[in-house]
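Novice: I have a structure I would like to understand better, so I am pasting it below and will then ask my questions one at a time.
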Amino acid sequence: MKKLYRKNTHNIKKIVSILVVIFLLTTTFSAIVSSKGILTNVKSKINDAKNKLLEHQKNETSAKHKIDNLKEKTQIVTEKIKNITSRTKNIIEKIREGKLFSLLRNLIRLRALSSKLSLYTNYAGNEKVSPIRLGMPTTVDVDDDGDKDIRASFSIYPSIEKPLVFSFNIRLKIDRLSGFEDINEFFQAYVELTFPGLLYVNQTGDKVQFGYQSDKGDEVPDTCYVTYKYLPYIFYKEKPKHKVSLNPGTATDKDNLALVFAYSNYDNATDSYNTRGRWITTFSPAIKTEITFGGADEYFGRQFELESSKPSLTTIHYTRYNNGSEFNGGLVIDKISSFSFEMEITPFKKGGGRIEYIRNTSDPVDVTLFFEKTKNAYIYVDGIPQHVKLSWIPEKDGEIEINTFNQRVKEIGIRDTPPGDASYNAKGYIRNLPALAFLNWNWNLQNGKVDLYCNQSGMSAFIDIKNLLETGTSVLGEFYTNENLNMSFYWDRSERSFGIKRTNTDISFSLDVNGSNGSSFHFSAGIKNTINGPFEIKLGKLLDGKADIQFTSNYLEIYDLDARLSIPSVGNFLLQMTRFSFDKEQSGIRFNFSVVNTTNYFQFDCTVEVFNGVTIEGLVVGFNDFVVPIPDIHAGGYWKNTFSFGFTKGFVDYFISSDGSYGWVCISGGLNVAFSSTLENPIG
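Note that the numbering used here has the sequence shown beginning at 250, numbered continuously upward.
Listed below in structure tokens is the structure:
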């Protein structure tokens with residue numbers, strides 16, 4: 250049984266093996282028969298797979314490129330953002346370091362420290378300093394009489410000026426109260442603000458003062474506003490500007506009123522104020538006005554603009570202290586409502602300086618420019634043209650040089666009081682000044698001289714002295730020329746002489762001297778081409794009431810000479826000649842007048858003395874109404890002619906009958922007349 254089972258199992262295994270082999274063979278032959286379709290399908294699938302792979306790779310490449318572009322753009326944007334951030338930081342830093350931020354910081358400081366601000370008042374010389382607080386009115390007793398005289402307040406605020414410029418503003422308001430004693434007395438009031446960084450950001454002690462001044466005789470206004478504006482020009486390539494405006498309120502068009510503005514620049518290194526400047530601008534009459542300061546010069550610049558509501562005579566007094574030197578000067582501007590000029594004043598040194606002035610206003614206007622070296626020395630230029638350069642040394646040994654760029658000047662001179670003041674003691678000036686001129690002088694208590702050079706004709710010069718060397722004697726000299734001028738005028742107190750030292754052109758001049766004792770002397774003549782000088786006039790004892798006049802010169806011709814002398818209680822003397830010439834070295838002529846007047850006798854002597862050659866034509870001498878013509882003189886060497894006239898005083902008596910039918914006259918006394926002439930060492 251077991252054997253049969255094993256045999257059947259073995260057969261089944263064989264049958265299964267055969268079937269498997271057949272199946273395998275069938276499968277093999279079947280694949281060979283249909284291989285072409287299978288390959289096509291396989292290739293198609295392979296190609297599809299490749300295409301999908303390429304497309305995938307292509308998509309990956311495109312995506313990578315996009316990612317790279319995106320990264321690049323992102324980096325560019327990031328850099329721009331960084332740059333903008335950097336610039337923004339720089340701008341912020343600049344703003345923080347700049348004047349705008351400084352101004353805002355100072356505004357906060359001023360509001361916080363406003364209790365430390367000061368109000369200065371000066372009433373008739375009584376000066377006071379009072380604290381003033383922001384936004385809170387302060388009342389002041391300016392004359393210490395127990396009554397409150399003024400009420401002052403100020404405010405601080407920003408604003409925008411044309412063209413879109415930030416402005417920092419401080420406005421001062423001053424009201425006059427009923428307790429003000431004399432409204433026509435001198436009064437000055439201004440606020441002083443400590444304004445850190447006003448002129449330089451790093452400095453901490455700069456100060457600004459602004460207010461008004463009413464001179465004695467003018468009425469103090471009821472209410473007055475003064476506003477200071479600072480324009481830093483943060484976003485413009487311009488220097489900062491400063492504006493000060495005046496609103497005189499009810500005082501408008503009435504009395505005169507002055508705008509006061511000053512600054513002090515603090516030097517941290519020296520712990521002192523190395524620069525201070527003050528403007529006092531007087532308006533006649535008082536008007537609403539605004540003044541702008543600015544330009545390329547340091548501190549408050551060199552540009553000046555004035556805008557007012559209507560024309561007003563304006564006088565500007567400017568004082569500046571800089572590193573130990575002082576400058577005092579100003580302008581007198583004729584009535585004009587708009588005026589602009591540039592003025593550079595340098596250097597500020599003791600003994601003089603230079604100024605260049607350019608008027609931007611095209612309208613013709615009379616402007617007087619003046620400089621004050623001491624309280625009795627003012628150099629001034631009246632009627633200055635559009636452009637002028639002027640240098641000066643206003644000392645006892647000084648000079649003035651002026652260049653007007655081919656435009657004439659109305660008047661330039663030196664005087665001992667400010668221009669516009671009707672009173673003065675001494676004044677020397679030139680009119681119709683040419684384009685280029687030099688004026689030098691040197692004087693002291695005993696003597697002095699004035700040298701003058703001009704490169705154009707038609708000029709005239711004047712000397713006007715009210716009290717010569719404190720002797721009570723007045724002197725008025727006038728000089729004219731139609732040609733270029735080069736001359737020197739001098740005087741010597743010890744010799745009692747004055748004269749013209751040199752000139753290379755024809756001039757006409759006149760001179761009037763009036764003594765304190767009532768004596769007077771007049772001299773006028775024309776002078777032709779003095780090659781070598783001097784032409785000298787010695788007055789001798791004229792100032793003491795006696796006459797001793799001497800003329801000396803070298804190579805000189807004088808024409809139309811007229812000399813007149815008047816001595817109180819003596820009489821009037823006359824000397825005239827049509828032509829008077831010297832042609833030798835140290836030639837000259839001397840006139841001596843003497844008078845003896847007693848109770849019983851009167852004697853007049855006149856001596857004409859010529860030395861070293863002279864020609865005289867048309868000579869006439871006289872006393873009171875007695876005139877004597879003298880023959881023409883053409884002499885060399887020494888010549889002397891003496892004329893004497895005298896009489897003994899007697900009496901005159903007469904009688905006329907009542908009916909006029911008879912009468913008599915009795916005269917007693919004596920008369921003598923004498924002439925003498927001397928000629929020595931004739932020459933030619």
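Just so you know, even glycine gets a beta-carbon here, dropped at the ideal spot from N, CA and C.
All figures in this text were calculated on a predicted structure; none of them were measured in a lab.
Are there 16 or more other CB atoms within 10 angstroms of the CB of VAL440, so buried, or fewer, so exposed?
Specialist: It is buried - the Cβ of VAL440 has at least 16 other Cβ atoms within 10 Å.
Novice: Between the C-alpha atoms of PHE240 and ILE409, what's the straight-line distance to the nearest angstrom?
Specialist: Past the boundaries of the shown model lies residue 240; the chain is included only from 250 to 933, so the question cannot be answered.
Novice: For the beta strand (DSSP E) that ARG664 lies in, which residues bound it at each end?
Specialist: Per DSSP, ARG664 belongs to the beta strand (DSSP E) from 658 to 664.
Novice: DSSP on ASP741, reduced to helix/strand/coil?
Specialist: In the structure shown, ASP741 sits in a strand (DSSP, three-state: E or B).
Novice: Is it true that the CB of SER759 sits closer than 8 angstroms to the CB of GLU727?
Specialist: Yes, the Cβ-Cβ distance between GLU727 and SER759 is below 8 angstroms.
Novice: Can you check whether the CB of SER561 is closer than 8 angstroms to the CB of ILE540?
Specialist: Taking 8 angstroms as the Cβ cut-off, ILE540 and SER561 do not qualify as a contacting pair.
Novice: Taking the alpha-carbon of LEU421 as reference, which of ILE330, CYS473, VAL876, LYS486 has the nearest alpha-carbon?
Specialist: Nearest C-alpha to LEU421: CYS473.
Novice: Considering only C-alpha positions, which residue in the set GLY721, PHE459, TRP740, LYS584 is nearest to VAL699?
Specialist: Nearest of GLY721, PHE459, TRP740, LYS584 to VAL699, Cα basis: TRP740.
Novice: If we count the other Cβ atoms within 10 Å of its Cβ and call it buried at 16 or more, is ARG382 buried or exposed?
Specialist: With fewer than 16 Cβ atoms within 10 Å of its Cβ, ARG382 is classed as exposed.
Novice: Excluding five sequence neighbours on each side, which residues of the same chain lie with their C-beta closer than 8 angstroms to the C-beta of ALA507?
Specialist: Result list for ALA507: TYR461, GLN462, SER463, ASP464, ILE529, THR530, THR531, PHE532, in chain order.
Novice: DSSP state of VAL326, grouped into three classes?
Specialist: Here VAL326 sits in helix by DSSP.
Novice: Where do the ends of the beta strand (DSSP E) carrying ASN763 lie?
Specialist: Here the beta strand (DSSP E) through ASN763 covers 756 to 763.
Novice: Could you tell me the alpha carbon to alpha carbon distance between SER427 and VAL469, rounded to whole angstroms?
Specialist: Computed Cα separation, rounded: 12 angstroms.
Novice: Ends of the beta strand (DSSP E) at ARG420?
Specialist: 414 to 425 is the extent of the beta strand (DSSP E) around ARG420.
Novice: Secondary structure at LYS537, three-state DSSP: helix, strand or coil?
Specialist: Correct three-state label for LYS537: coil.
Novice: I need the DSSP call for ASN300, collapsed to helix, strand or coil.
Specialist: Reduced to three states, the DSSP call for ASN300 is helix.
Novice: Between the C-alpha atoms of ILE405 and TYR485, what's the straight-line distance to the nearest angstrom?
Specialist: Whole-angstrom Cα-Cα distance: 24 angstroms.
Novice: Distance check for TYR477 and GLN458, CA to CA, integer angstroms please.
Specialist: Going by the C-alpha atoms only, they are around 9 angstroms apart.
Novice: May I ask you to report which of helix, strand or coil DSSP gives ASP471?
Specialist: Three-state DSSP puts ASP471 in coil, outside helix and strand.
Novice: Beta-carbon separation of THR730 and ILE756 under 8 angstroms?
Specialist: The answer is yes: Cβ separation under 8 angstroms.
Novice: From the DSSP secondary-structure annotation, give me the bridge partner or partners of GLN462.
Specialist: In the DSSP output, where bridge partners are listed per residue, GLN462 has GLN437, ALA507.
Novice: Please identify the residue among GLU487, THR443, TYR629, LEU442 whose C-alpha is closest to the C-alpha of PRO412.
Specialist: It is GLU487.
Novice: Compute the Euclidean distance between the alpha carbons of SER557 and LEU495, then round it to the nearest angstrom.
Specialist: When rounded, the distance between both Cα atoms is 9 angstroms.
Novice: Just to check my reading of the structure: ILE399 and ILE419 have Cβ atoms closer than 8 angstroms, yes? What is that Cβ distance to the nearest angstrom?
Specialist: Not confirmed; about 18 angstroms, so no contact.
Novice: Roughly how many whole angstroms lie between the Cα atoms of SER773 and LYS503?
Specialist: Cα to Cα, SER773 sits roughly 47 angstroms from LYS503.
Novice: Suppose you measure from the CA of LYS456 to the CA of ASN514; what does that come to, to the nearest Å?
Specialist: Straight-line Cα distance between these residues: approximately 7 angstroms.
Novice: Within the continuous beta strand (DSSP E) that includes ASP713, where are the two ends?
Specialist: 709 to 717 is the extent of the beta strand (DSSP E) around ASP713.
Novice: With a CB to CB cut of under 6 angstroms and the five nearest residues on each side skipped, what residues in its chain are close to ARG664?
Specialist: Excluding positions up to five away in sequence, the list reads TYR627, TYR673, LYS676.
Novice: In whole angstroms, give me the CA-to-CA distance for ASP393 and ILE432.
Specialist: In a straight line, the C-alpha of ASP393 is about 15 angstroms away from that of ILE432.
Novice: Rounded to whole angstroms, what's the CA-CA distance from VAL493 to LYS584? Just pull it up for me.
Specialist: Their Cα atoms are separated by approximately 20 angstroms.
Novice: So, with DSSP's three-state summary, where would you put LEU951?
Specialist: Residue 951 is absent from the structure shown; the chain starts at 250 and stops at 933.
Novice: Please name the residue or residues paired with ALA401 in a DSSP beta bridge.
Specialist: According to DSSP, ALA401 bridges with THR387, ILE423.
Novice: Starting from the Cα of LEU810, find the closest Cα among GLU321, SER830, SER818, PRO817 and give me that residue.
Specialist: Ranking the options by Cα distance to LEU810, first place goes to SER830.
Novice: For PHE875, count neighbouring C-beta atoms within 10 Å of its own C-beta (all shown protein chains included) and say buried if the count is 16 or more, exposed if not.
Specialist: The residue in question, PHE875, is exposed, as its Cβ has fewer than 16 Cβ neighbours within 10 Å.
Novice: Per the DSSP calculation, ASN496 is bridged to which residue(s)?
Specialist: According to DSSP, which records beta bridges pairwise, ASN496 is partnered with TYR474.
Novice: Taking the beta carbon of SER721 as the centre, do at least 16 other beta carbons fall within 10 Å, making it buried, or is it exposed?
Specialist: The sequence given here has Gly at residue 721, not Ser. GLY721 comes out exposed.
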